[in-house]
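S.K.: One structure, as structure tokens, below. Some questions next.
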Amino acid sequence: MNQLNLFAELTRLKKPIGYMLLFWPCSWGLTVAYDFSSDLNVYFFYLLLFFLGAVLMRSAGCIVNDILDRKFDKKVFRTKNRPITSGKISVKLGIFYSVLLCFIAFLILINFNSFTIVIALASMPLAFSYPLMKRYTYWPQLFLGITFNYGLILGWTSINNDINLTPIIFYFGAIFWTLGYDTIYGFQDIKDDEIIGLKSTSIKFKSNPIIFLYLCYIIFISSLILVGFLEEFSKLYFISLIMIVLQMYYFQLKKFRKDSPSECLNIFKSNNFLGTLVFLI
Numbered sequence: 000m001n002q003l004n005l006f007a008e009l010t011r012l013k014k015p016i017g018y019m020l021l022f023w024p025c026s027w028g029l030t031v032a033y034d035f036s037s038d039l040n041v042y043f044f045y046l047l048l049f050f051l052g053a054v055l056m057r058s059a060g061c062i063v064n065d066i067l068d069r070k071f072d073k074k075v076f077r078t079k080n081r082p083i084t085s086g087k088i089s090v091k092l093g094i095f096y097s098v099l100l101c102f103i104a105f106l107i108l109i110n111f112n113s114f115t116i117v118i119a120l121a122s123m124p125l126a127f128s129y130p131l132m133k134r135y136t137y138w139p140q141l142f143l144g145i146t147f148n149y150g151l152i153l154g155w156t157s158i159n160n161d162i163n164l165t166p167i168i169f170y171f172g173a174i175f176w177t178l179g180y181d182t183i184y185g186f187q188d189i190k191d192d193e194i195i196g197l198k199s200t201s202i203k204f205k206s207n208p209i210i211f212l213y214l215c216y217i218i219f220i221s222s223l224i225l226v227g228f229l230e231e232f233s234k235l236y237f238i239s240l241i242m243i244v245l246q247m248y249y250f251q252l253k254k255f256r257k258d259s260p261s262e263c264l265n266i267f268k269s270n271n272f273l274g275t276l277v278f279l280i
């Protein structure tokens, strides 16, 4: 039982916000691409596959992150007690768990068409190198956005077997969504990160982050509007976008306090609800 608890802690299974933020872009791409006049069983089956894939790959990513960052995590209050950092789980066992999770995720991936399989595998080097970015650039959140929203492209190609302007614009906007919410998240560790020499957009824009956050979210909203025009969505879609704008403004930008780690975490978590809203509209 103790090993199961450690595994759950290692993979953050008790913190669903991570894998939900990975899942929502997958669901968006799938939903925009799908022809709902056809068999809905296929849609829900693919939705389930993407959800399972998100849980597995986020779990594997957490392990890789903890292995690569274990020396830094010891110096950060929020992360110093993580299983690998604290020595409760060995690096070798962590690698084994990560490989196992990736293998199970691959078994899920092969249910999709060959094009989706190829472009999914092509993203793996970037996905697993993300933890290293904070050592060399102030833009690790940008790389997180590129990897975390890649599922939007996969959701689209799982149905259409090609890529056009719609998923590209949607993906571009979603990257800035992640860039915004993870910059907010990064303010929790900003003091420790500066001391140990790690970089982030939180540090880069620490003097006046709100303008940068507004820019990120405006780009995301603009992408949703453009996708609506490209796909000729109904007026109801565009009216519903008001809910997205209100959520971002009242529950994120207006509440943001860079010196309040608890508020930054709450704002970050609220993006699960935002992801749900985008999915439903």
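According to numbering that gives the first Met the number 0, the sequence shown holds residues 0 to 280 in order.
Just so you know, even glycine gets a beta-carbon here, dropped at the ideal spot from N, CA and C.
On a predicted model such as this, the values are computed, not experimentally measured, just so you know.
Below 8 Å on the Cβ atoms is my contact criterion, and I expect residue 142 with residue 125 to pass it. Report the Cβ-Cβ distance as a whole number of Å.
M.R.: That belief holds up - the Cβ atoms of residue 142 and residue 125 are roughly 7 Å apart, short of 8 Å.
S.K.: Taking the straight line between their C-alpha atoms, what separation do you get for residue 156 and residue 114?
M.R.: When rounded, the distance between both Cα atoms is 7 Å.
S.K.: What do you reckon, are the CB atoms on residue 109 and residue 116 nearer than 8 Å?
M.R.: It is a contact, given that the beta carbons lie within the stated cut-off.
S.K.: Would you kindly work out how many angstroms separate the C-alpha atoms of residue 149 and residue 30, rounded to a whole number?
M.R.: Answer to the nearest angstrom: the Cα atoms are 15 Å apart.
S.K.: Which same chain residues end up closer than 7 Å to residue 136 when comparing Cβ atoms and leaving out the 5 residues on each side of it in sequence?
M.R.: Hits under 7 Å: 198.
S.K.: Return the chain-ordered ranges of every alpha helix (DSSP H) run that is complete within the stretch 198 to 259 and spans a minimum of 4 residues.
M.R.: The qualifying runs are 200 to 203, 208 to 229, 234 to 247.
S.K.: For the alpha helix (DSSP H) holding residue 16, just list the boundary residues, first then last.
M.R.: Unbroken alpha helix (DSSP H) run through residue 16: 16 to 32.
S.K.: How is residue 84 classed by DSSP in three states: helix, strand or coil?
M.R.: It is helical.
S.K.: Quick check on the burial criterion: 16 or more other C-beta atoms within 10 angstroms. Buried or exposed for residue 121?
M.R.: Exposed.
S.K.: With H, G and I counted as helix, E and B as strand and the rest as coil, what does DSSP make of residue 35?
M.R.: Coil, per DSSP.
S.K.: What does the alpha-carbon distance come out to for the pair residue 22 and residue 68?
M.R.: Cα to Cα, residue 22 sits roughly 24 Å from residue 68.
S.K.: Taking only the alpha-carbon atoms, compute the straight-line gap between residue 17 and residue 73 and give it to the nearest angstrom.
M.R.: In a straight line, the C-alpha of residue 17 is about 22 Å away from that of residue 73.
S.K.: Got a sec? Which residues, its chain only, sit under 8 Å from residue 262 by beta carbon, not counting five neighbours each side?
M.R.: 254, 255, 256, listed in sequence order.
S.K.: Between the alpha carbons of residue 180 and residue 214, how many angstroms are there, rounded?
M.R.: Rounded to the nearest angstrom, the two C-alpha atoms are 12 Å apart.
S.K.: At what residues does the alpha helix (DSSP H) containing residue 11 begin and finish?
M.R.: Here residue 11 belongs to no alpha helix (DSSP H), and DSSP marks it neither H nor E.
S.K.: Pop quiz: residue 185 and residue 206 are said to be a contact at Cβ under 8 Å. What is the actual Cβ separation, rounded to whole angstroms?
M.R.: Contact flag wrong, Cβ pair sits at about 14 Å.
S.K.: Looking at the structure shown, is residue 176 part of a helix, part of a strand, or coil, going by DSSP?
M.R.: DSSP places residue 176 in helix when its eight states are reduced to three.
S.K.: Can you confirm whether the stretch 226 to 234 touches the stretch 153 to 171 when touching is taken to mean that 3 or more C-beta pairs between the two stretches lie within less than 8 Å?
M.R.: In short, these stretches touch, since the Cβ pair count reaches three.
S.K.: Just verifying my parser: in three-state terms, what is the DSSP assignment at residue 161?
M.R.: Note: residue 161 maps to coil in three-state DSSP.
S.K.: First and last residue of the alpha helix (DSSP H) that includes residue 94?
M.R.: Element bounds for residue 94: 90 to 108.
S.K.: Measure the C-alpha to C-alpha separation of residue 239 and residue 48 and round it to an integer number of angstroms.
M.R.: The straight-line gap from Cα to Cα measures roughly 27 Å.
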